[in-house]
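Protein chains: 2
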Amino acid sequence: MKDITGIIQCPVAVDAGDCVTLAHSEGTRATRDLITNRILNRFANPHVTGTPDAACLSLSNNQIAFTTDSFVVSPLFFPGGDIGSLAVYGTVNDLAVAGAVPRWLSLSLIIEEGVPLATLDEILESIVAATDRCNISVVTGDTKVVPRGAADGVFINTTGIGEFLTTPPPGPESIRCGDVLLVSGPIGSHGLAVLAAREELALEPAPRSDSAPLHEVVAELKEQAGESIRAMRDATRGGVSAVLHEWSADCGLTMTLEESAIPVNDEVRGACELLGIDPLHSANEGTMLIAVDPSAEEQTLAALRSVPQTALAAKIGTVQSAGIAAVTIQRLLGSEQPVDEPTGALLPRIC
Amino acid sequence: MKDITGIIQCPVAVDAGDCVTLAHSEGTRATRDLITNRILNRFANPHVTGTPDAACLSLSNNQIAFTTDSFVVSPLFFPGGDIGSLAVYGTVNDLAVAGAVPRWLSLSLIIEEGVPLATLDEILESIVAATDRCNISVVTGDTKVVPRGAADGVFINTTGIGEFLTTPPPGPESIRCGDVLLVSGPIGSHGLAVLAAREELALEPAPRSDSAPLHEVVAELKEQAGESIRAMRDATRGGVSAVLHEWSADCGLTMTLEESAIPVNDEVRGACELLGIDPLHSANEGTMLIAVDPSAEEQTLAALRSVPQTALAAKIGTVQSAGIAAVTIQRLLGSEQPVDEPTGALLPRIC
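In order, the protein sequences belong to chains A and B. Taking our numbering, the leading residue of the first sequence gets 1, the next gets one more, and so forth. Taking our numbering, the leading residue of the second sequence gets 1, the next gets one more, and so forth.
Okay, here's the thing in structure tokens:
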């Protein structure tokens, strides 16, 4: 019953010297060569010296945010992104929406024997470009190689440290009746892009992932509407629906959406209709929800729209007293309906 | 060519409710149940509230150590330890030998569909016991479930933050001619224990892993011989040989060992002879090397031997001017010989 989707296997004709082998695994000279000449050389910075078991960091203050994510996305490359940039942006975004400035990253690779070194290089280059874009440094890491079949291609863990230079938003427990729900852009793109790539669906145009960092958008939001923001969250696994269900559980109120106001790209909408997927349940990797005091609705939307990446930000609903369900939606045709919390696996391995 | 060693498969008769399924994966209600009722409840502490994407931490100073490791050991349980405690001690030890006091841990799980929930519980309980023993808190985490065959049982990433409350040792670049090389206990146990368990070798008595935390030993060393210590390192992948080769590369000197002085347990020595493995190349998970100024040899050994865990600490060699090889050994019979740096895979998936 092995799911071979996305497994990278070396063509038989390829010399083993072009692939990762078990010789790269166990504290050997080959390991040191791989780490020194293929990984460390890409992440040179003042904190990375030798082959550090631990990086020594100097903080500018004593309040930090700490977050971790493992990435197991299949396939490794998809329209709009790849596992490398995704692993950087995912952790950067968790730090950013917590209200922290992303600073340092650890990078841990689990590589299946037989992955072409060219594939590894491509992923590493993507990680370098993504960390540059986020002004964040990889300062410590780990590399494990497992025998063929014991993993599927490449898994990446990134763990991040951010600094709290301003007071973070109070969080979803502080959400009140009348608060406004904003989304930073069109929803559901990432889940559909990965699904379409994995299943090789002949969609035209193919959905592209929204995979992107949100630290600049969050900085703008804090600058323009800091005091009025109750909560921010990037709507990753489980999509917008999962975040709103969590927020409802945290504040005890109903999140009410207006279907006509929810931005969805045409190609995502088309794919969702074809596949019977609700875009509210599909994952995002560069799109966030914001709950904000109603008095600050205009300035918060203006702040979002002032950044090109979130120019299509929209108000999608409001917070109301506890009603028929944790999350409801006013459909284009018909009355208010509950939005289910997804109960099973929609799209495994989308991040 | 799938290596099925160590894969945990649910017996067909077991109800799916007793196993991890893909429904636990994707931001669904099942995911929230798994995380809330099986993971978060075990790691309750003031820093873990709700289902945090990021933990907020207050440091007592501005200098921290940051380290990451992914654990892919097979089998998941072996004499003397298991993947859970190993994942805690491995990261704690990286922080400790860097000279930091271990404080916080992230915990990221990649679980193969079909792993029995009872197995997951056993691993989580082992993690809890290990963190208690190390006085360290798990404050943030991530859980991914991948389809059967896309991983092998359970992989764990732990990433740790430690605080520098005292000046760390200067490191291997500061090692000088005449320095003394100490080891905290018998070597090579972990690699042999895992190999014997995986290959079901009928060794009697079976080698037991030395998997254990070193933070208390390091605290004692810093207290008793802080100024005289040049470098400390836990001798994990690649064993004592790999660490000494790295130190030689860092300081440009030869590490010279005395074979008769190197402590090796009888069962490890027997297994090594049987299998043709040099204990210098076999991994340890709770045994460290210390390079120290010769004037502090006695007090450093006394400090090590004052802790029951490292009562068998020994002087195993000295540092000499660059000679015939990076690392040499005076064999019991015969003259000084070079110790090779392992070039290939001895024992994959030993941590």
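For every residue, glycine included, the Cβ atom is placed at its ideal position computed from N, Cα and C.
Which of the three DSSP states, helix, strand or coil, is assigned to residue i?
i: I324 (chain A); result: coil
i: G6 (chain B); result: Here G6 (chain B) scores only 31 on pLDDT, less than 50, and its place in the model should not be relied on; the value that follows carries that caveat. Coil, per DSSP.
i: F164 (chain A); result: coil
i: P338 (chain A); result: strand
i: N93 (chain B); result: helix
i: I39 (chain B); result: helix
i: A202 (chain A); result: coil
i: P172 (chain B); result: helix
i: V20 (chain A); result: coil
i: A313 (chain A); result: coil
i: G353 (chain B); result: The structure shown does not extend to residue 353 (chain B), since chain B spans only 1 to 351, so no value can be given for it.
i: L332 (chain B); result: coil
i: L301 (chain B); result: helix
i: R349 (chain B); result: coil
i: P186 (chain B); result: coil
i: P11 (chain B); result: Because the pLDDT at P11 (chain B) is just 33, under 50, the model does not fix this residue reliably, and the value given afterwards should be weighed accordingly. In the structure shown, P11 (chain B) sits in coil (DSSP, three-state: anything other than H, G, I, E or B).
i: N45 (chain B); result: coil
i: L76 (chain A); result: coil
i: R208 (chain A); result: coil
Would residue i and residue j be called neighbours here (beta carbons separated by less than 8 angstroms)?
i: D179 (chain A); j: T318 (chain A); result: yes
i: E220 (chain A); j: A313 (chain A); result: no
i: L165 (chain B); j: V101 (chain B); result: yes
i: M232 (chain B); j: P169 (chain B); result: yes
i: V327 (chain B); j: S248 (chain B); result: yes
i: T67 (chain B); j: A54 (chain A); result: yes
i: L182 (chain B); j: T300 (chain B); result: yes
i: V154 (chain A); j: R42 (chain A); result: no
i: R103 (chain A); j: E163 (chain A); result: yes
i: C134 (chain B); j: V73 (chain B); result: no
i: A311 (chain A); j: V218 (chain A); result: no
i: L289 (chain A); j: V240 (chain A); result: yes
i: I123 (chain A); j: G149 (chain A); result: no
i: A242 (chain B); j: E341 (chain B); result: yes
i: P348 (chain B); j: P116 (chain A); result: no
i: L86 (chain A); j: C272 (chain A); result: no
i: D250 (chain B); j: T158 (chain B); result: no
i: G171 (chain A); j: P263 (chain A); result: no
i: L257 (chain B); j: I64 (chain A); result: no
i: D94 (chain A); j: G160 (chain A); result: yes
i: I187 (chain A); j: T287 (chain A); result: yes
i: L105 (chain A); j: S126 (chain A); result: no
i: P75 (chain B); j: A197 (chain B); result: yes
Which residue marks the beginning of the alpha helix (DSSP H) containing residue i, and which one marks its end?
i: S70 (chain A); result: Segment 63-71 is the beta strand (DSSP E) holding S70 (chain A); no alpha helix (DSSP H) there.
i: L34 (chain B); result: 29-34
Following the continuous beta strand (DSSP E) through residue i, name the residue where it begins and the one where it ends.
i: A197 (chain B); result: Unbroken run through A197 (chain B) is the alpha helix (DSSP H), 189-198; no beta strand (DSSP E).
i: A55 (chain B); result: 55-58
i: V307 (chain A); result: Segment: none, V307 (chain A) is in no beta strand (DSSP E) and carries neither H nor E.
i: V183 (chain A); result: 180-183
Just checking, does the stretch 231-241 of chain B make contact with the stretch 282-289 of chain B on the three C-beta pairs under 8 angstroms criterion?
yes
Which runs of the alpha helix (DSSP H) fall wholly inside the stretch 213-298 of chain A and span at least 4 residues, in chain order?
215-225, 239-251, 266-275
State whether the stretch 102-111 of chain B contacts the stretch 174-189 of chain B, with contact taken as three or more CB pairs (one from each stretch) at a distance under 8 angstroms.
no
Give, in chain order, every unbroken run of the alpha helix (DSSP H) that is at least 4 residues long and sits entirely within the stretch 107-152 of chain A.
117-134
Cβ pair count under 8 angstroms reaching 3, the stretch 321-337 of chain B against the stretch 186-197 of chain B:
no
Inspect the CB distances between the stretch 142-152 of chain A and the stretch 18-29 of chain A and report whether three or more fall short of 8 angstroms.
yes
Cβ pair count under 8 angstroms reaching 3, the stretch 203-218 of chain B against the stretch 74-92 of chain B
yes
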